[in-house]
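A.B. asks:
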Amino acid sequence: MEKDIKNWQNLWKEEKSTPLDLRKLITHLNKIEKKGKLERIILLVAVPITIIVLATLLPVLSNIYYSISIILISFAMMMILIQSYRSKYSLISNGAELNNNKYIKYLIHKLKQRMLTTSRYMWLYTFLLVLGINVGYIDILQKFNISIIVRIIIHLIFTVLMICAMYYSIEKRKKENNNGILPLIDFLENLN
Numbered sequence: 007m008e009k010d011i012k013n014w015q016n017l018w019k020e021e022k023s024t025p026l027d028l029r030k031l032i033t034h035l036n037k038i039e040k041k042g043k044l045e046r047i048i049l050l051v052a053v054p055i056t057i058i059v060l061a062t063l064l065p066v067l068s069n070i071y072y073s074i075s076i077i078l079i080s081f082a083m084m085m086i087l088i089q090s091y092r093s094k095y096s097l098i099s100n101g102a103e104l105n106n107n108k109y110i111k112y113l114i115h116k117l118k119q120r121m122l123t124t125s126r127y128m129w130l131y132t133f134l135l136v137l138g139i140n141v142g143y144i145d146i147l148q149k150f151n152i153s154i155i156v157r158i159i160i161h162l163i164f165t166v167l168m169i170c171a172m173y174y175s176i177e178k179r180k181k182e183n184n185n186g187i188l189p190l191i192d193f194l195e196n197l198n
């Protein structure tokens, strides 16, 4: 991928870019957007289902902890959904669109927004999700009549496990972005 981008840059500088090179660039940009579209569809389904399941399973009106938990988790999921839509761009149908300087800047902005979602907003999502789940567990663990020390240990173990899982997931996605999106951003900036 990186080798292709270097070749594109050199060809573009020499103004000998072939339709095949442009087609590869368009294909890669469209592949990124199609992946984003799939993520948005999954989120559009997952957010309401999660909220409905939580509201059904937890007696929301009878306990403030459950209400706060659902609000935090819902807010976190909505935030990621909104960020996902902020990085949306339309599929590129032909190379003429890439001759437009304004459109190239638009693509660069959208690709950077996609990377920002991973590097910044996923950590905020993790924090809100862990906080929401821990708040929900406060009342559940109280009902088991276990000591406060054991409850704190359970909360800590859960928090550490969630943070480790999210750290792994975020780092994996950052690596994918660095290998796939970052070179595209650099290439598009050099076109500009």
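Using the working numbering, you'd call the opening residue of the sequence shown number 7 and step up by one each time. Glycine included, every Cβ here is placed at the ideal spot set by N, Cα and C.
DSSP state of I176, grouped into three classes?
C.D. replies: Residue state, collapsed to three classes: helix.
A.B. asks: Between S75 and I139, is the Cβ-Cβ spacing less than 8 Å?
C.D. replies: Yes. Within cutoff.
A.B. asks: If S90 sits next to L49, beta carbons under 8 Å apart, how far is it from one beta carbon to the other, in whole angstroms?
C.D. replies: About 6 Å separates the two Cβ atoms, so the contact holds.
A.B. asks: S80 and I57 - do their beta-carbons sit closer together than 8 Å?
C.D. replies: Yes, these two residues count as a Cβ contact at 8 Å.
A.B. asks: With a CB to CB cut of under 6 Å and the five nearest residues on each side skipped, what residues in its chain are close to K116?
C.D. replies: For K116, where only same-chain residues beyond five positions count, the Cβ hits under 6 Å are S93 and Y95.
A.B. asks: Is it buried or exposed, R5, if we count other Cβ atoms within 10 angstroms and call 16 or more buried?
C.D. replies: Residue 5 is absent from the model: the chain starts at 7 and stops at 198.
A.B. asks: Leaving out five residues on either side along the sequence, give the residues of the same chain with a beta carbon under 7 Å from the beta carbon of I160.
C.D. replies: Cβ neighbours of I160 beyond the five flanking positions: L147.
A.B. asks: Identify which residue in W129, I152, R157 and S153 has its Cα closest to the Cα of V141.
C.D. replies: Nearest of W129, I152, R157 and S153 to V141, Cα basis: R157.
A.B. asks: Can you tell me whether DSSP reads N100 as helix, strand or coil?
C.D. replies: Looking at N100 - three-state DSSP - the assignment turns out to be coil, as it is neither helix nor strand.
A.B. asks: According to DSSP, is K149 helix, strand or coil?
C.D. replies: In the structure shown, K149 sits in coil (DSSP, three-state: anything other than H, G, I, E or B).
A.B. asks: Just how far apart, CA to CA, sit M168 and M128?
C.D. replies: C-alpha separation (whole angstroms): 13 Å.
A.B. asks: Identify the continuous alpha helix (DSSP H) that holds P65 and give its terminal residues.
C.D. replies: First-last for P65: undefined, no H or E at that position.
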